[in-house]
Each structure stands twice: as structure tokens, then as C-alpha cells.
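Asker: Under this note's numbering, think of the first position of the sequence shown as 2, with each following residue one higher.
Cβ atoms here follow ideal geometry from the backbone N, Cα and C, with glycine treated the same way.
No experiment lies behind these values; they were computed from the predicted model shown.
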Amino acid sequence: MRALTDRKNELMLTEPDLPAWLLAHLQDVQSVTPERAVNLVTCVIGDYGALDMRLMSRVLDNLLNNALRYSRTTVQVSLLLDGSQATLIVEDDGPGIEADARERVFEPFVRLDPSRDRATGGCGLGLAIVHSIALAMAVASSVTRANWAAQNLAFTGRSGTRCPT
């Protein structure tokens, strides 16, 4: 993960159609996880600026994998644009993350569910990787309690950055 934070100057920036990318990505995920509903709830069309889509794909995959692992029936995804703030939100209806563990969940090898181990639930790196990517991209990652869902995982950063010419 240190390699991610050491690559701040090596981001491979493009200016993608982020809403189209997100919709296609979620359709792919839904096709392989028909037992769970994966819904795009809100998607604001706008100028999201330049992003490293390799890293964004990793962020979305890790957030979705976590949500799918813990959800009961539904995962909801939103892409928001508010002025210069862009936010990718992944929510699920699983057991949630207690308030006192919301920072710790981004640490490497942390598994909050004691019944999970490598054989039953990953190795505790997914959200740590999301956090490392957030640091590399100078954005924030956070966990909050959602209105309908047990948890809300957000990846928020500044929009409108242009690719260097």
C-alpha cells in the first residue's frame, strides 16, 4: 500500500465520462451477483475532471466487495457532484460499523467481525487499500451511518481538475 501513496506524482489521469463508467461497472457487478440488488440511486451528470481510472476502479471494486460481503439484500451506489466536491457513496443494509470502529476499519488487516478469517471473509485489506488510494489522490475516505442502510462508505474529493497538456 505504501506504493500507492508514493505514486502521488505518477497518477495516470484521464477525463472520463464517470456516470457512464459507473453504470457499466455496476451492471457488470449485478450480472455476477444476482442474489443481491446493486442499485445506482443517484448519479449527477457533470464535470468530474481528471481521474486515475485504474485507482477509481480499485476503489469502487473494494467498496462494492465490502458492501456485498456484509449486505443482507441491497447495495446502493450514488455519485454526487456539489460544486467542487465529488463523492462516490456505497451503502449496504448489513450490520454496519460501530462508531468507535469507523476509523480503525481503514487500517490494514482489520476485521471487525471475529467470525471472519481469510477462508470466510478476505484478509482485511480492502478498505485499507481504499484509504491508501484516497491519500495518493489527496481525497477523503469515510464511514458514516446512512439513513436507510447500516453503513455509508464515501470517497470524496475535489472535482474539475484537468489533465496536464
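1) Should Glu92 be labelled buried (16 or more other beta-carbon atoms within 10 Å of its own) or exposed?
2) Taking the alpha helix (DSSP H) that Ile134 belongs to, which residues open and close that run?
3) Give the straight-line distance between the Cα atoms of Arg70 and Gly50, rounded to the nearest whole angstrom.
4) Would you kindly report the start and end of the unbroken beta strand (DSSP E) that includes Ser79?
5) Who pairs with Asn40 in a beta bridge, going by DSSP?
6) Look up Ser58 in the DSSP assignment and say whether it is helix, strand or coil.
7) I'd like to check one pair, Leu41 with Ala137: are the Cβ atoms closer than 8 Å?
8) If I follow the unbroken beta strand (DSSP E) through Ser175, where does it start and stop?
9) With respect to the alpha helix (DSSP H) encompassing Ala21, which residues constitute its N-terminal and C-terminal limits?
10) With a threshold of 16 other CB atoms inside 10 Å of the CB of Asp18, please say whether the residue is buried or exposed.
11) Please name the residue, chosen from Gln86, Ile130, Asn66 and Leu80, that lies closest to Leu24 on a Cα-to-Cα basis.
12) For Gln28, count neighbouring Cβ atoms within 10 angstroms of its own Cβ and tell me buried if that reaches 16, exposed if not.
13) At which residues does the beta strand (DSSP E) containing Leu12 begin and terminate?
14) Could you tell me if Gly84 is buried or exposed, where buried requires 16 or more neighbouring beta carbons within 10 angstroms of its beta carbon?
15) How long is the line joining the alpha carbons of Thr157 and Met54, rounded to whole angstroms?
16) Give me the DSSP bridge partner(s) of Leu52.
17) Apply the 10 Å Cβ neighbour rule to Val111 and answer buried if 16 or more other Cβ atoms are within range, or exposed otherwise.
Answerer: So, from the data block:
1) buried
2) Gly127 to Ala137
3) 31 Å
4) Thr75 to Asp83
5) Gln77
6) helix
7) no
8) An answer regarding residue 175 cannot be provided, because it is not within the stretch 2 to 166 covered by the chain.
9) Leu19 to Val33
10) exposed
11) Leu80
12) exposed
13) Counting along the chain, Leu12 falls outside any beta strand (DSSP E), and DSSP gives it neither H nor E.
14) exposed
15) 15 Å
16) Thr15
17) exposed
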